Amino acid sequence: MATEIDERRHLSWFLQGMRGIFSLPALILMASYVGFSAFALESGLSRGEAVVMTLSVWALPAQMILIGTMVGKAHIAASFLAVTLSSIRMMPMVASIMPEMRTQKTPVGVLLFLSHFIAITSWVFASRHLRDVPRPYRVAFFAGFGMTLTFTNAVIVAISFGVVSQFPPLVAGALFMLTPVYFISSIWASAQQPVVKLAFVIGVILGPVLAVVTPDFDVLYAGIGGGTAAYLIDRFRRKRAQRSLRTAQ
Amino acid sequence: MEEWWTYIVIIVAGFLATDIWRWLGVLAGSRLNEDSEALYWVRAVATALVMAVTAKLIVFPTGTLSHSPLWLRLGAAGIGFGLFLASGRKVGVGVAVPIILLIAGLWWLGF
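Just so you know, the protein sequences line up as chains D and Y, in that order.
Just so we're aligned: the first sequence equals residues 1 to 249 in UniProt numbering.
Just so we're aligned: the second sequence equals residues 1 to 111 in UniProt numbering.
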């Protein structure tokens with residue numbers, strides 16, 4: 001009897017996660033994927049290839065880079081290297097979600113499967129909403145959102161493929177700008193700890209600067225170097241606050 | 001074989017190249033405790049990485065936007081962020097304002 005109630009609760013949290021598909025971030029991502037399908041068509045991919053790529057890679061920057069190297073007829077090893085460099089960021093993104101999402105009993109296999117659905121949009125969604133979900137149901141909640149988001153966008157690519165081969169420049173420009181400005185405001189809004197805001201500012205500055213200095217490893221250096229700098233500055237700040245608290249007592 | 005080759009590239013150079021890092025993230029993250037020092041660092045690195053990618057999308061865009069002036073993109077994003085902060089961190093404001101400014105600017109420049 002108890003397990004039956006438990007299962008029903010899991011289902012209800014799964015559905016609750018699914019409802020996230022109507023949120024602003026999900027709608028913005030869908031608009032971006034309409035733009036992606038136009039880009040894929042322009043680059044000579046078939047509808048099936050564009051859909052399989054969306055389902056299996058599920059990271060918009062990586063998909064753009066992969067198509068870019070395929071159009072340039074790069075060797076498969078060169079494509080792999082370019083894509084894998086851009087996807088290294090997945091590791092800290094996934095790692096930072098895990099302690100909040102899992103329970104002691106969550107099987108690793110389930111987490112490995114669900115990690116596929118973590119990309120920037122679902123990472124931001126998880127950072128914002130997981131803390132409001134009771135811990136035993138967080139996996140169900142994320143699964144509901146993440147899987148729905150991925151499959152909906154695959155359907156959007158399938159439907160919009162070929163419908164719009166080229167947008168008017170004004171619309172194409174606005175579609176392209178949606179993703180970065182959405183990331184800027186939603187990541188700042190979901191930042192609870194000062195260290196995240198610090199890393200945000202340092203990343204914004206270092207990204208374009210290092211793109212000029214070391215174009216091949218810019219994002220990697222900006223992330224590891226900038227993130228470590230933010231952590232050290234924040235740690236210094238926390239230690240000093242602790243010390244002044246102790247002397248005040 | 002020829003028609004399957006693209007799918008092989010997508011699976012090897014796309015799916016595997018990306019999901020390896022997700023799997024490593026699960027393995028690394030499962031050892032982290034909430035509110036541990038290591039998690040602070042991991043969060044900082046993840047945020048800096050994502051924001052570096054984001055800032056590059058605005059400063060060095062590909063496609064249509066690469067023909068638009070940098071001051072317009074930076075101005076739209078900067079004013080948008082300012083109003084987003086002033087509005088009490090309303091994400092809708094942070095998205096709508098830069099897009100409206102960008103469209104108005106592009107239209108004014110005769111795009």
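Heads up, the beta-carbon is just placed ideally off N, CA and C, and yes, glycines get one too.
As the structure is a prediction and not an experimental result, all values here were calculated from the model.
Check: Buried or exposed by the 16-neighbour rule on C-beta atoms within 10 Å, applied to ASN153/D; Outcome: buried
Check: Top-ranked residue by Cα proximity to HIS116/D, from ALA174/D, ALA38/D, THR148/D, ARG131/D; Outcome: THR148/D
Check: Supposed contact pair PRO180/D and ILE20/Y - C-beta distance, whole angstroms, cut 8 Å; Outcome: ILE20/Y to PRO180/D, Cβ: 26 Å. No contact.
Check: Between the CA atoms of PRO99/D and SER36/Y - distance to the nearest angstrom; Outcome: 10 Å
Check: For ALA78/D, the nearest candidate out of VAL195/D, VAL219/D, ILE65/D (CA to CA); Outcome: ILE65/D
Check: Residue-chain proximity (GLY92/Y, chain D), Cβ-Cβ < 8 Å; Outcome: yes
Check: Contact list for PRO208/D against chain Y, beta-carbon separation under 9 Å; Outcome: ALA52, ALA55, LYS56, ILE58, VAL59, PHE60
Check: Any 3 or more C-beta pairs closer than 8 Å across the stretch 216-224 of chain D and the stretch 198-208 of chain D; Outcome: yes
Check: For TYR137/D, the first and last residue of its enclosing alpha helix (DSSP H); Outcome: Per DSSP, TYR137/D belongs to no alpha helix (DSSP H) and is neither H nor E.
Check: Best match in MET177/D, VAL51/D, VAL133/D for proximity to ILE156/D [C-alpha to C-alpha]; Outcome: VAL51/D
Check: Members of the stretch 26-42 of chain Y near chain D, C-beta cut-off 7 Å; Outcome: VAL26, ALA28, GLY29, SER30, LEU32, ASN33, GLU34, LEU39, TYR40, TRP41, VAL42
Check: Rounded distance between the beta-carbons of GLY144/D and TRP58/D, thought under 8 Å; Outcome: Not a contact, Cβ separation roughly 16 Å.
Check: CB contact check: GLY226/D to chain Y, cutoff 8 Å; Outcome: yes
Check: DSSP-derived helix/strand/coil call for MET1/D; Outcome: Annotation note: pLDDT 46 at MET1/D (below 50); position unreliable, no value reported.
Check: Candidates VAL53/Y, PRO69/Y, PHE60/Y, of which the one nearest VAL201/D by Cα; Outcome: VAL53/Y
Check: Cβ distance (whole Å) where ILE99/Y is taken to contact MET177/D below 8 Å; Outcome: 6 Å
Check: Interface flag, MET177/D vs chain Y, CB-CB below 8 Å; Outcome: yes
Check: 9 Å Cβ cut-off: residues of chain D touching LEU109/Y; Outcome: Per Cβ cutoff of 9 Å: no residues; LEU109/Y is ~11 Å from chain D at best.
Check: Own chain, CB closer than 8 Å to LEU15/D, minus 5 neighbours either side, in chain order; Outcome: GLY144
Check: Short-range partners of chain D found in the stretch 73-105 of chain Y, where Cβ spacing is below 7 Å; Outcome: ALA77, GLY80, PHE81, PHE84, ARG89, VAL91, GLY92, GLY94, VAL95, PRO98, ILE99, LEU102, ILE103
Check: Supposed contact pair GLY227/D and TRP41/Y - C-beta distance, whole angstroms, cut 8 Å; Outcome: 7 Å
Check: Continuous alpha helix (DSSP H) stretch holding LEU130/D: start and end; Outcome: From DSSP, LEU130/D is part of no alpha helix (DSSP H); its letter is neither H nor E.
Check: Other residues of its chain near LEU102/Y: CB distance less than 6 Å, five sequence neighbours each side excluded; Outcome: ALA76
Check: Spatial distance of LYS197/D from TRP188/D (CA atoms); Outcome: 7 Å
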